[in-house]
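The numbering of the sequence shown is the UniProt record's numbering, which starts it at 1 and goes up by one.
I have placed the structure first, in the form of structure tokens, so that the comments after it can refer back to it.
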Amino acid sequence: MKTQVCIIGGGPSGLLLSQLLHLKGIDTILLEKHSREYVLGRIRAGVLEHGFTELMREAECGDRMDAEGELHDGFEIVDNGIQHRVDLHKYTGASVMVYGQTEVTRDLYEARDRMQGKVIHNVEDVTLHNLKATTPPYVTYRDRSGAQRIDCDFVIGADGFHGPSRKAIPREVLREFEKVYPFGWLGVLSRTKPVNPELIYARNDRGFALCSMRSQVLSRYYIQVPLSDKAEDWSDAAFWAELKARLPQEVAARLEAGPSIEKSIAPLRSFVAEPMRYGNLFLAGDAAHIVPPTGARGLNSAGSDIHYLYHGLINHYLNGDDTGLEEYSAKALARVWKAQRFSWWMTSLLHSFPDTSEYDRHLQSTEMEYLFSSDAAQASLAENYVGLPF
Ligand code: RFL
Ligand code: PHB
Numbered sequence: 001m002k003t004q005v006c007i008i009g010g011g012p013s014g015l016l017l018s019q020l021l022h023l024k025g026i027d028t029i030l031l032e033k034h035s036r037e038y039v040l041g042r043i044r045a046g047v048l049e050h051g052f053t054e055l056m057r058e059a060e061c062g063d064r065m066d067a068e069g070e071l072h073d074g075f076e077i078v079d080n081g082i083q084h085r086v087d088l089h090k091y092t093g094a095s096v097m098v099y100g101q102t103e104v105t106r107d108l109y110e111a112r113d114r115m116q117g118k119v120i121h122n123v124e125d126v127t128l129h130n131l132k133a134t135t136p137p138y139v140t141y142r143d144r145s146g147a148q149r150i151d152c153d154f155v156i157g158a159d160g161f162h163g164p165s166r167k168a169i170p171r172e173v174l175r176e177f178e179k180v181y182p183f184g185w186l187g188v189l190s191r192t193k194p195v196n197p198e199l200i201y202a203r204n205d206r207g208f209a210l211c212s213m214r215s216q217v218l219s220r221y222y223i224q225v226p227l228s229d230k231a232e233d234w235s236d237a238a239f240w241a242e243l244k245a246r247l248p249q250e251v252a253a254r255l256e257a258g259p260s261i262e263k264s265i266a267p268l269r270s271f272v273a274e275p276m277r278y279g280n281l282f283l284a285g286d287a288a289h290i291v292p293p294t295g296a297r298g299l300n301s302a303g304s305d306i307h308y309l310y311h312g313l314i315n316h317y318l319n320g321d322d323t324g325l326e327e328y329s330a331k332a333l334a335r336v337w338k339a340q341r342f343s344w345w346m347t348s349l350l351h352s353f354p355d356t357s358e359y360d361r362h363l364q365s366t367e368m369e370y371l372f373s374s375d376a377a378q379a380s381l382a383e384n385y386v387g388l389p390f
């Protein structure tokens, strides 16, 4: 087979790029390791920044998001029982869209179907070749009918943190930066009315908690847990009791508990790989960088990579101009590091750290006091949360 752009990974990054390029007449083939049902079964991000929603509209995938997603002008931060509101709209004039990653991915898959996009599922042994050679690159893989080969101009590594693309960059070229947090988030999805019209991020001596949602009848809650915990060890009753203990009493009193539809633990990690380009391979999204979910930056940073890559590729194909592709890694990384900083800051502000000193605890409380006594500090939080400009 032959295509212009071979995309590895059928998560939001890969699907969005494939859809945007197709609309400009650029041919892609997308390879995904799992079935569509499996990809859609993963419960992940819930908050989209304005730039991401604009990309969805440009990809002609914005209708359901605009009809069913909810615009939020602010969110709450609770500090050991005391509630403060961060007014996103007041400080930035912008809002965020609460619309789940599952729905984003479903809309993108449906758009790919409508346009007869080439999306191949259940591929194995994806291997990248000739990335820096003078001859064009190609990708090999296996499916049910045997070994396959795709010749292309460019390979896009949008295959998440564990995919093969980043690993195809030689050790002596790739630099990796990592920070592993000593806790995870236990998340529960339940068919219940969200406890609050806006998200609540709660700092508590028992550990962090987050009240989020997918719709007016579907809630998503998280609590910080030690890395040694297993999701199976948490009964629904134990989860609800612990969540309520970390929320202000009046919020806990109105929280509607119900059976969990999904329950899983995600470890918290920060990670950046540099550079994001190697020859004709371009990395995008979680393949190149991970953030802890506290600042809701992961999917949104993937979106900004796709924005830069999409413009670089259309300039290459439609105008013969390679500047965008040459600048891709540096431009994408500059924004990625800002998202890293913000996610680290918000994680440090809101979580309980084991083995923390009295001094560190004092600093954390002072940071919180400063935040809610300073318009400048709230404006800084707000501009990062709604998304820095591309
Ligand atoms: P994905 O979604 O991981 O997709 C990569 C795809 O590549 C496939 N793949 C392969 N395909 C072919 N061959 C191989 N060998 C392959 N190996 C892997 C995988 O099957 C998969 O389908 O990466 P992508 O597209 O870059 O998207 C990134 C986002 O998924 C991620 O950043 C967010 O989910 C992070 N995140 C959040 N981001 C936000 O912006 N806002 C949020 O509110 C938010 N909340 C979250 C989150 C992530 C979480 N977890 C579980 C890590 C909440 C949580 C709990
Ligand atoms: C979610 O709804 O899954 C969610 C929302 C905000 C975050 C992280 C996760 O910061």
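For glycine and all other residues, C-beta sits at the position ideal for the given N, C-alpha and C.
Beta-carbon proximity of residue i to residue j, cut-off 8 Å
i, j, result
"residue 81", "residue 212", "no"
"residue 182", "residue 227", "yes"
"residue 266", "residue 289", "no"
"residue 108", "residue 12", "yes"
"residue 215", "residue 190", "no"
"residue 135", "residue 43", "no"
"residue 17", "residue 156", "yes"
"residue 224", "residue 352", "yes"
"residue 132", "residue 278", "yes"
"residue 84", "residue 73", "no"
"residue 104", "residue 56", "yes"
"residue 128", "residue 21", "no"
"residue 398", "residue 198", "As shown, the chain starts at 1 and ends at 390. That puts residue 398 outside it, with no answer to give."
"residue 287", "residue 158", "yes"
"residue 335", "residue 283", "no"
"residue 177", "residue 52", "no"
"residue 78", "residue 247", "yes"
"residue 163", "residue 8", "yes"
"residue 295", "residue 373", "no"
"residue 152", "residue 19", "no"
Alpha-carbon spacing of residue i relative to residue j, whole angstroms
i, j, result
"residue 196", "residue 251", "8 Å"
"residue 308", "residue 348", "30 Å"
"residue 35", "residue 143", "12 Å"
"residue 269", "residue 384", "19 Å"
"residue 61", "residue 169", "33 Å"
"residue 24", "residue 48", "24 Å"
"residue 1", "residue 130", "16 Å"
"residue 341", "residue 111", "34 Å"
"residue 262", "residue 315", "43 Å"
"residue 369", "residue 210", "20 Å"
"residue 40", "residue 6", "22 Å"
"residue 175", "residue 244", "42 Å"
Cβ-based burial, residue i [other Cβ within 10 Å; buried from 16]
i, result
"residue 138", "buried"
"residue 194", "buried"
"residue 203", "buried"
"residue 125", "exposed"
"residue 300", "buried"
"residue 140", "exposed"
"residue 254", "exposed"
"residue 154", "buried"
"residue 59", "buried"
"residue 28", "buried"
"residue 38", "exposed"
"residue 304", "buried"
Residues that residue i bridges to, as DSSP identifies them
i, result
"residue 391", "The chain is shown only over 1 to 390; residue 391 falls outside these bounds and no answer can be derived."
"residue 267", "184"
"residue 282", "156, 277"
"residue 190", "219, 260"
"residue 146", "143"
Is the stretch 355 to 373 in contact with the stretch 55 to 70, if contact means three or more CB pairs nearer than 8 Å?
Taking 8 Å as the limit for Cβ pairs, the verdict is that the stretch 55 to 70 does not touch the stretch 355 to 373.
Determine contact between the stretch 223 to 239 and the stretch 314 to 326, defined as no fewer than three beta-carbon pairs at a distance below 8 Å.
Cβ pair count under 8 Å is below three, so no.
If contact is defined by three or more beta carbon pairs under 8 Å, each pair taking one atom from either stretch, is the stretch 252 to 259 in contact with the stretch 116 to 124?
no
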